[in-house]
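Participant: Residues -19 to -1, 1 to 195 in mature numbering (1 follows the signal peptide of the UniProt record, and there is no 0) are what the sequence shown spells out, letter by letter. The beta-carbon is built from N, C-alpha and C at its ideal position, and this holds for glycine as well.
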Amino acid sequence: MRFAFALLALLLNSSLSWAAPDIDAVIAAYAQGDLKAAARGFGELSRRAVPLADYNLAMMHIRGELPAPSLREARRLLERAAAGGLIRAELSLGQFHEQGLLGKPDLRQANSWYARAAEHGSVDGQVAIATALYLGRGIAQDLAGAAHWYREAAKGGDVGAQYLLASMYEAGLGVDQDLRLARYWYDIAARNGDDAAPYKLKEIDAKLAPANEA
């Protein structure tokens, strides 16, 4: 999974909205290329423990946009942002550990953070933990658990998850085989632009045709 290097311009938790006026001005400075002002502003807000400022300052550390960037400080800031309720920080910590930005990749830690993000509604987190469970990557393989999280991500609009969930219903992986549910999710994936889904729909329709004629 590609690391999410972008700064966040929107508050993801209404309980953090009191910080919006100040942080919006700082984000505007960053967008205009004034990294010095952005670093100063995010730093001031970070000292007030504003989660979004912690997150964005961490991103500047990771991107090397500060005079003395530090990946350890980035991790500390992300952890504090996550503790403050910023779900995107949980996802980014998963990516941080998966990529091993401070050394070797730590898939156990990565999956722990992905699971937290998934439980808090992050579609990207749901896809990440589902894939780990499906492959048994850094965690015991659990096809039923993978199907659960792909289903949540599919309901959240992730096209890849919609296709993968359909394939699991088609093959009976982690779920009872159900061609009608497979067709349902392939159809949704096709409507959302998946290139392979229309071909799978034709295959499923051919399999279902005898049952429909009975």
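Three Cβ pairs or more, each shorter than 8 Å: is that satisfied between the segment 79 to 89 and the segment 60 to 71?
Facilitator: Contact fails: fewer than three Cβ-Cβ distances are below 8 Å.
Participant: Exposed or buried, which one is Q143 when buried takes at least 16 other CB atoms within 10 Å?
Facilitator: For the purposes of this step, residue 143 is identified with residue 162 of the sequence shown, where counting begins at 1. That one is buried.
Participant: Run through DSSP, which three-state label would N173 get?
Facilitator: By 1-based counting over the sequence shown, the position of residue 173 is 192. Three-state result, N173: coil.
Participant: Is the beta carbon of L145 less than 9 Å from the beta carbon of Y165?
Facilitator: To locate residue 145, count along the sequence shown from 1; it is residue 164. To locate residue 165, count along the sequence shown from 1; it is residue 184. Contact flag unset, no.
Participant: So, is G22 buried or exposed, given that buried needs 16 or more other C-beta atoms within 10 angstroms?
Facilitator: Numbered from its first residue, the sequence shown carries residue 22 at position 41. Buried is the call here.
Participant: Roughly how far, in whole angstroms, is the beta-carbon of A187 from the beta-carbon of A170, given that I think they are within contact range, below 8 Å?
Facilitator: As a working note, residue 187 is residue 206 in the sequence shown. As a working note, residue 170 is residue 189 in the sequence shown. That belief does not hold up - the Cβ atoms of A187 and A170 are roughly 18 Å apart, past 8 Å.
Participant: Please classify L189: does DSSP put it in a helix, a strand, or coil?
Facilitator: Position 208 of the sequence shown, counting from 1, holds the residue named residue 189. Helix at L189.
Participant: Return yes when the Cβ of E133 is within less than 9 Å of the Cβ of V104, no when it is not.
Facilitator: Taking the sequence shown and counting its residues from 1, the one referred to as residue 104 is at position 123. Taking the sequence shown and counting its residues from 1, the one referred to as residue 133 is at position 152. Cβ atoms of V104 and E133: closer than 9 Å.
Participant: Out of L124, D139, G84 and G81, which has the shortest C-alpha to C-alpha gap to Q107?
Facilitator: Translated into the one-based positions of the sequence shown, residue 107 becomes position 126. Ranking L124, D139, G84 and G81 by Cα distance to Q107 puts D139 first.
Participant: Reducing DSSP to helix, strand and coil, say where E133 ends up.
Facilitator: Counting from 1 along the sequence shown, the entry for residue 133 is found at position 152. DSSP places E133 in helix when its eight states are reduced to three.
Participant: So which of V31, L82, A109 and A49 has the shortest CA-CA distance to R61?
Facilitator: Counting from 1 along the sequence shown, the entry for residue 61 is found at position 80. When each option's Cα is compared against that of R61, the closest is V31.
Participant: Using a 10 Å radius around the Cβ and a threshold of 16 neighbouring Cβ atoms, would you call Q122 buried or exposed?
Facilitator: Numbered from 1 along the sequence shown, position 141 holds the residue referred to as residue 122. Flag for Q122 reads exposed.
Participant: Helix, strand or coil, according to DSSP, for K85 in the structure here?
Facilitator: In the sequence shown, counting from the first residue as 1, residue 85 sits at position 104. Note: K85 maps to coil in three-state DSSP.
Participant: Return the Cβ separation of L59 and A39 in integer angstroms, given the expectation that the two are a contact with Cβ distance under 8 Å.
Facilitator: As a first step, residue 59 is located in the sequence shown; it is residue number 78 there, counting from the start. As a first step, residue 39 is located in the sequence shown; it is residue number 58 there, counting from the start. With 8 Å as the limit, L59 and A39 qualify as a contact, their Cβ atoms being about 5 Å apart.
Participant: From this set, R118, L33 and A109, which residue's C-alpha is nearest H129's C-alpha?
Facilitator: Reading the sequence shown from its first residue, position 148 is the one you call residue 129. The shortest Cα separation from H129 among R118, L33 and A109 belongs to A109.
Participant: Which same chain residues end up closer than 7 Å to A20 when comparing Cβ atoms and leaving out the 5 residues on each side of it in sequence?
Facilitator: Sequence index remark: in the sequence shown, residue 20 carries index 39 (1-based). So the qualifying residues of the chain are M41 and L47.
Participant: Between the Cα of R97 and the Cα atoms of A178, A111 and E71, which residue gives the shortest distance?
Facilitator: Working through the sequence shown from its first residue, we reach residue 97 at position 116. Minimum Cα distance to R97 is reached at E71.
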